[in-house]
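**Student:** Mind the numbering: the sequence shown is residues 1 to 352 in our numbering, read in order. Don't be surprised by glycine CBs; every beta carbon is placed ideally from N, CA and C. Being a predicted model, the structure only gives us computed values, none of them experimental.
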Amino acid sequence: MKRLIFILIFFVINSISILSQQLIGKIDTILNSLPVGTSYGILIINPLTSDTLYARNISQSLIPASNTKLFTSAVALKLLGLNYEVSTKIFTDNPNFSDGFIDGNLYIKGYGNPAFSDRDLDNMIRTIKDLGITRISGKVIGDDSFFDSNYRREDSIEDEKSSVKLPPISAVIFNRNQIITQRKYKNRIRNYSSYIPNPPLYVAELLRKKLIENGVRVDDRFETGITPNSKLELASASIKLMDMVNVINKNSNNFYAECLFKIIGAAASGVEGNAFSASQAIHRFLKENDIYSTGTNIVDGSGISRFNRISVASIVSLLEKFYLDMRFYEAYYNSLSIAGIDGTLGSRMNRS
């Protein structure tokens with residue numbers, strides 16, 4: 001079986017400009033011992049001088065797996081900014097309501113907030129109660145229009161064959177779009193999870209139910225729809241972009257990465273977030289910032305797809321660009337997993 005090894009080494013070297021021959025010899029020994037047919041790439045540079053210290057197969061396009069997240073998070077930071085927040089909001093189309101009576105509808109609109117949970121929804125309902133609202137004459141409407149309706153990755157990627165399953169990638173998200181139930185099995189209580197098939201409808205129903213339970217009368221039903229331009233924000237729950245990026249890069253969270261991918265698509269296109277717009281935005285970013293991109297193909301945000309292709313030259317070029325950018329370097333660097341210490345690399349390369 002053909003093996004694939006994706007090796008990336010990015011050294012920050014201040015006082016030396018060349019690697020010791022002993023270390024080069026060790027690297028050569030490892031690479032020369034790989035089975036025939038193994039695909040790999042390795043590149044070591046001095047980012048301060050751009051001198052190449054060691055290189056093999058640097059332009060070969062390889063399947064990057066979770067290294068794709070480096071590009072997703074980098075482009076998001078540059079495109080959206082360090083202070084950007086990803087929100088879920090509740091609006092009304094009756095901005096001039098009075099005496100606690102909303103003569104209109106309530107809308108819950110998602111902007112791809114993957115952390116939105118029970119606690120957030122309860123806090124938003126408390127905010128509505130604190131505003132003195134006691135009755136809503138209209139409907140409770142879930143608005144998922146910030147993203148497209150392709151909830152499954154395989155709906156956006158032609159001929160996608162990856163068997164890795166994720167919850168629906170929607171703009172309105174609740175508890176990561178999963179329902180956890182407990183069942184007794186062989187005298188033990190076990191947790192079972194299932195995906196929410198229609199997140200905006202589910203959240204609209206849940207919001208209506210919780211409002212009624214908390215003493216707010218809702219006269220009409222729940223459904224999905226679009227928030228009108230004329231609206232008033234009543235409550236909001238957000239996650240900071242940097243917190244999202246930390247989860248993606250340190251913990252290699254695929255769900256967060258795919259949500260951020262669509263957020264990139266929405267920000268870049270000015271319309272609904274989708275995989276095509278996100279992919280185009282990332283490739284455009286690489287070209288505009290002179291980041292090596294020959295042979296690069298990015299079709300998702302997480303790296304699950306085996307249609308993704310990236311070379312080590314492209315990754316090192318991206319990292320070098322961020323290393324030299326004082327605005328983003330510290331935040332981006334601190335989001336990365338440290339070998340032998342934390343994140344997905346916490347139990348790997350312990351003696352490195």
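1. Cutting at 8 Å between CB atoms, please list the residues of its own chain near threonine 296, excluding the five before and the five after it.
2. Could you tell me whether the Cβ atoms of glutamine 182 and tyrosine 195 are closer together than 9 Å?
3. Roughly how many angstroms lie between the CA atoms of glutamate 223 and asparagine 67, to the nearest whole one?
4. Closer than 8 Å is the cut-off here; do at least three beta carbon pairs connect the segment 29-42 with the segment 296-306?
5. Among Thr294, Lys262 and Gln280, which residue has its Cα nearest to the Cα of valine 86?
6. In whole angstroms, what separates the C-alpha of methionine 1 from that of arginine 56?
7. Could you check what DSSP says for glycine 270 in three-state terms: helix, strand or coil?
8. Hey, quick one: how far does the beta strand (DSSP E) through alanine 204 stretch, first residue to last?
9. Whole angstroms are fine: how far does the CA of asparagine 253 sit from the CA of isoleucine 7?
10. When the Cα atoms are used, what is the spatial distance from valine 316 to valine 271?
11. Quickly, what does DSSP pair phenylalanine 101 with across the bridge? List them, please.
12. Assign tyrosine 333 to buried or exposed, taking buried as 16 or more other Cβ atoms, counted over all protein chains shown, within 10 Å of its Cβ.
13. Just the C-alpha distance for arginine 221 and leucine 201, rounded to the nearest angstrom, thanks.
14. For the segment 79-96 against the segment 151-160, do three or more pairs of beta-carbon atoms, one drawn from each stretch, fall closer than 8 Å, so that the two count as touching?
15. May I ask you to report which of helix, strand or coil DSSP gives phenylalanine 222?
**Tutor:** Reading off the structure:
1. Looking up residue 296 in the sequence shown gives position 296. Only Ser61, His283, Leu286, Arg309, Ile310, Ser311 and Ser314 meet the Cβ criterion.
2. By one-based count along the sequence shown, residue 182 stands at place 182. By one-based count along the sequence shown, residue 195 stands at place 195. No, they are not a contact pair.
3. Indexing the sequence shown from 1 puts residue 223 at position 223. Indexing the sequence shown from 1 puts residue 67 at position 67. Taking the straight line joining both Cα atoms gives about 39 Å.
4. no
5. Here residue 86 is taken as the residue at index 86 of the sequence shown, counted from 1. Of Thr294, Lys262 and Gln280, the residue nearest in Cα terms is Lys262.
6. To locate residue 1, count along the sequence shown from 1; it is residue 1. To locate residue 56, count along the sequence shown from 1; it is residue 56. Its pLDDT being 38, under 50, methionine 1 is placed unreliably in this model, and the value from its coordinates should be taken loosely. One C-alpha to the other measures close to 22 Å.
7. The residue given as residue 270 occupies position 270 in the sequence shown. Three-state DSSP puts glycine 270 in coil, outside helix and strand.
8. Residue numbering aside, residue 204 sits at position 204 when the sequence shown is read from its first letter. It is not in any beta strand (DSSP E) - alanine 204 instead sits in the alpha helix (DSSP H) that spans 199-213.
9. Counted from its first residue, the sequence shown places residue 7 at position 7. Counted from its first residue, the sequence shown places residue 253 at position 253. Confidence at isoleucine 7 is low in this model, with a pLDDT of 49, below 50, so the placement of that residue should be treated as unreliable; the coordinate-derived value is given next. Their backbone Cα atoms lie some 21 Å apart in a straight line.
10. Walking along the sequence shown from the start, residue 316 turns up at place 316. Walking along the sequence shown from the start, residue 271 turns up at place 271. C-alpha separation (whole angstroms): 32 Å.
11. Within the sequence shown, the letter at position 101 stands for residue 101. Its beta-bridge partners are Ser98 and Arg135.
12. Indexing the sequence shown from 1 puts residue 333 at position 333. Exposed is the call here.
13. Stepping through the sequence shown from its first residue, residue 221 is reached at position 221. Stepping through the sequence shown from its first residue, residue 201 is reached at position 201. Whole-angstrom Cα-Cα distance: 11 Å.
14. The segment 151-160 and the segment 79-96 do not touch, with fewer than three beta-carbon pairs separated by less than 8 Å.
15. Along the sequence shown, one-based indexing puts residue 222 at 222. Strand.
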